[in-house]
Every structure is written in C-alpha cells, then in structure tokens.
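These protein sequence lines are chains A and B, in that order.
When we follow our numbering, the leftmost residue of the first sequence carries the number 2, and every step to the right adds one.
When we follow our numbering, the leftmost residue of the second sequence carries the number 10, and every step to the right adds one.
Notes to accompany the following structure.
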Amino acid sequence: SQQGEEDPQALSIQEGENATMNCSYKTSINNLQWYRQNSGRGLVHLILIRSNEREKHSGRLRVTLDTSKKSSSLLITASRAADTASYFCATVPNNGGSQGNLIFGKGTKLSVKP
Amino acid sequence: DTGVSQDPRHKITKRGQNVTFRCDPISEHNRLYWYRQTLGQGPEFLTYFQNEAQLEKSRLLSDRFSAERPKGSFSTLEIQRTEQGDSAMYLCASTPLAGDEQYFGPGTRLTVT
C-alpha cells in the first residue's frame, strides 16, 4: 500500500520559476527520499534526508522534513524544461523489520513550459 | 558499471500464460528489490533479496509470483497463469549493503491481453 501522498498531483509552471512539491506520510521513518521519473524511463534518485535532519540541499534542489507533521517538501529552483517529469517521495519505515524497501507516494507530475 | 538492466523491456502475453523477467543489478550490489508500478501510481514493493536470500515478500506477491536470485547476482521474477490485473511496469532496483539510495532499472512493461 502507498505510504503517503504528494501534493499537488500535477503542477504546470514556466521555465525559470520555482516548483514546490509536498509529501505526507503515515508512519515513523528512517529516511525519506525523492525520485524523478521521466516518461518512459526508470526512476532516478535525487536526494535523501534522514529523520534527524530538517533540511538538505543538492544543486537546485532543496528538501525539508518535518517529522512532527510527517511531511516533506521538495523545491526545485530556476526550473528548466528538462525538469518535466513525475516526482515521487519514498520513505523507509523505522519499524525494526524494514529491509530498506521503499514505500512510494503517488507522485506529482511536473510540467515546465519553455 | 553499466547500471541496472532488465530484460525484456516489453512483454505482451495472453491471459493464463507464464512469463519470466530478468534483472541484472549493478555488480557487487548485495541488495536487490522488485517493485510493481501501475499507471498513475507510485511503485509498490514486491520482494527483497540480500545476496541469494529472499528476506522479505509483500502481501502483493501472490502464490502465482515467484522470484529467485540463485547466485546472488541476477534475479528472475516469474508470474504464472497471468491475469489482466498483472499488467504493469515491473521495476528492479539494487543497492550496496551499506547504502540507502536505490538504483533502478528501466523496467519491464507487461501487458496481459
């Protein structure tokens, strides 16, 4: 079953604008990861944030994590047409029995118009 | 390092037939995962291997599904007596023992007619 949900389900912006996607999850986590999936291609890992971290940066990406609200956000700054893709958050549960398998949300479909 | 590869990329089969997919993980990655993704949804976990041992199976993995990783390298996922509901993208991912980031293959798209 899905762990959580991304919001919005779809987002359309102009090139150069910032894109913000949110993710909510249900259970205690070890870490939260964001992945990108282009049409017809596999999933690519973007960034990982651990449960004891609050914010992380990687290039044009900024991720925040609020464990008290069980939520995360992904900010893509100065978006490009090549950023057009579906973005998924995925959590690794902190339940002692987890083998590291990811629990994905339904994704946000981002469209960046040139 | 050529990344995770999956074969075939596409498979069309008739209901009731058996199908087998192969995944070749990144070499020396001990951990291997299978996921299933349907249209408009995120991937859902199916099963996990550490080396050759299958350590976790999802409730999604009915008795028609079986997975192996005989020598701790490549893995196969077999679906027996396929049903239309099995139509999906089947994704394989691998990661080293001490890693958290998963490296995904391009997937095998199964269509059951």
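Don't be surprised by glycine CBs; every beta carbon is placed ideally from N, CA and C.
Query	Result
Lys57 of chain A versus Ala86 of chain A: straight-line alpha-carbon distance, rounded	21 Å
Where Ala107 of chain B falls: helix, strand or coil (DSSP)	coil
Assigned secondary structure, Ala79 of chain A (DSSP; H/G/I helix, E/B strand, else coil)	coil
Every unbroken beta strand (DSSP E) inside the region 13-58 of chain B [3 residues or more]	14-16, 19-22, 28-33 and 40-46
Residue from A:Gly43, A:Ser25 and A:Glu16 whose Cα sits closest to the Cα of Ala91 of chain A	A:Ser25
Within 7 Å, strictly: CB atoms of Gln89 of chain B and Arg73 of chain B	yes
CA-to-CA distance, Glu18 of chain A to Gln46 of chain B, given in whole angstroms	30 Å
Identity of the residues DSSP links to Asp84 of chain A by a beta bridge	Beta-bridge pairing links Asp84 of chain A to no other residue.
Gln10 of chain A, DSSP secondary structure in three states	coil
Residue nearest to Ser75 of chain B in terms of C-alpha spacing, selected from B:Arg18, B:Phe30 and B:Pro17	B:Phe30
Neighbour flag for Lys71 of chain A against chain B, beta carbons, 7 Å	no
Where the beta strand (DSSP E) through Glu56 of chain A begins and ends	Glu56 to Ser59
Those residues which DSSP pairs with Leu100 of chain B across a bridge	B:Tyr44
Ser2 of chain A to Val64 of chain A span [Cα, whole Å]	For Ser2 of chain A, the pLDDT reaches just 48, beneath the cut-off of 50, and the residue's location in the model is therefore unreliable, leaving the point undetermined.
Contact with chain A by Gly94 of chain B, beta-carbon distance below 7 Å	no
Members of the region 16-38 of chain A near chain B, C-beta cut-off 9 Å	Asn31, Asn32, Gln34, Tyr36 and Gln38
When B:Ser71, B:Gln15 and B:Ser14 are compared against Asp95 of chain B, the one with the closest alpha-carbon	B:Ser71
Contact set between Pro17 of chain B and chain A, taken where Cβ atoms lie within less than 8 Å	Ordered by position in chain A, no residue passes the 8 Å Cβ test against Pro17 of chain B, which lies about 15 Å from the chain.
Proximity test, Cβ basis, 7 Å: Leu64 of chain B and chain A	yes
Close Cβ partners of Gly108 of chain B (< 6 Å) along its chain, the five nearest in sequence each way excluded	none
As assigned by DSSP and simplified to three states, the class of Ser2 of chain A	Residue placement at Ser2 of chain A cannot be trusted, given a pLDDT of 48 that sits under 50; what the coordinates show is reported in the next sentence. Ser2 of chain A: coil per DSSP, three-state reduction.
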